[in-house]
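Trainee: Quick one: this structure, given as structure tokens, is what I'll be asking you about.
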Amino acid sequence: MLVMPASGAQLRIRAAGFPARKTIEEFDWDAQPAVRQQIASLASGGFVTEARNVVLLGPPGTGKTHLATGLGIAAAGHGHRVLFATATEWVTRLTDAHRAGRLPQELVRLRRYGLIIVDEVGYLPFEQDAANLFFQLVSSRYEHASLILTSNLPFSGWGGVFGDQAVAAAMIDRVVHHADVLTLKGASYRLRNRGIDTLPSIKTQDTAD
Ligand code: ADP
Ligand code: MG
Numbered sequence: 258m259l260v261m262p263a264s265g266a267q268l269r270i271r272a273a274g275f276p277a278r279k280t281i282e283e284f285d286w287d288a289q290p291a292v293r294q295q296i297a298s299l300a301s302g303g304f305v306t307e308a309r310n311v312v313l314l315g316p317p318g319t320g321k322t323h324l325a326t327g328l329g330i331a332a333a334g335h336g337h338r339v340l341f342a343t344a345t346e347w348v349t350r351l352t353d354a355h356r357a358g359r360l361p362q363e364l365v366r367l368r369r370y371g372l373i374i375v376d377e378v379g380y381l382p383f384e385q386d387a388a389n390l391f392f393q394l395v396s397s398r399y400e401h402a403s404l405i406l407t408s409n410l411p412f413s414g415w416g417g418v419f420g421d422q423a424v425a426a427a428m429i430d431r432v433v434h435h436a437d438v439l440t441l442k443g444a445s446y447r448l449r450n451r452g453i454d455t456l457p458s459i460k461t462q463d464t465a466d
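All residue numbers for the sequence shown refer to the numbering used here, where the first residue is 258 and numbers rise by one.
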């Protein structure tokens, strides 16, 4: 078998740590027709060059992780360095850096990644220290480098996640100042054609994914 050298884009995609390779091309727009145009223009990668953010909101199974990954893969294809992790994983990384006394250096290092994806904001509430570290990540990237955040909670529910309305408000303010906010709708794609229309308690904090 001929082994081709990996392209820069392939190396960046591999290094990004996506949970699965899901592309924009694989997305079924019939399930989310309202966001098609916006995703198509974001897929050109211009938002990373402009250090703008993307927020994907919606109930479980509506394609938030898929679209965040697809936009990440597209950005990697346009030459941007990308890192993907869940909110909980980001907090663990930042906590480790903080304990080692190298949080400032870590934040500077992360700014070399044009795009950081934070999946599943709101699945688990943060301790106060964790919320403060997360706030520092958002502040350090503000107007310098892009974030994609996904959440099953509307912004009004983020105060509960960050344990503090003031921290949540200051964070949302920075994230949304230069951002596209896309709200996905409808039933879970995972449960389609199974005769199950709704999941229990998706209006409040949901734990299952
Ligand atoms: P969420 O992150 O919103 O909970 P995911 O993005 O993980 O949802 O989607 C759940 C599963 O359904 C994944 O396997 C994803 O690829 C698939 N999926 C969701 N929406 C679509 C869609 N519109 N077209 C194709 N696959 C989809
Ligand atoms: Mg998800």
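In this text, a Cβ means the ideal position worked out from N, Cα and C, and glycines have one as well.
For Asn409, which of helix, strand or coil comes out of DSSP?
Mentor: It is coil, neither helix nor strand.
Trainee: Which residues bound the alpha helix (DSSP H) around Ala436?
Mentor: Segment 436–440 is the beta strand (DSSP E) holding Ala436; no alpha helix (DSSP H) there.
Trainee: Which partner residues of Ala344 appear in the DSSP bridge assignment?
Mentor: Answer by DSSP bridge pairing: none, since Ala344 is not bridged.
Trainee: From which residue to which residue does the alpha helix (DSSP H) around Glu363 run?
Mentor: Glu363 -> alpha helix (DSSP H) spans 360–367.
Trainee: Assuming the contact rule is C-beta atoms closer than 8 Å, Ser403 and Ala263 should be a hit. Round their C-beta distance to whole Å, please.
Mentor: Wrong, their Cβ atoms sit about 24 Å apart, outside the cutoff.
Trainee: Secondary structure at Ile281, three-state DSSP: helix, strand or coil?
Mentor: Note: Ile281 maps to coil in three-state DSSP.
Trainee: State the DSSP-derived secondary structure class of Val339, mapped to helix, strand or coil.
Mentor: If DSSP states are grouped into helix, strand and coil, Val339 belongs with the strands.
Trainee: I'd like to confirm something about Pro317: is its beta-carbon nearer than 6 Å to some heavy atom of the ligand ADP, or not?
Mentor: At least one heavy atom of the ligand ADP is nearer than 6 Å to the Cβ of Pro317, so yes.
Trainee: Check the C-beta distance from Leu329 over to Phe275 and give it rounded, since I have them as a contact under 8 Å.
Mentor: This sequence places Gly at residue 329; Leu is not what is there. Contact flag correct, Cβ pair sits at about 6 Å.
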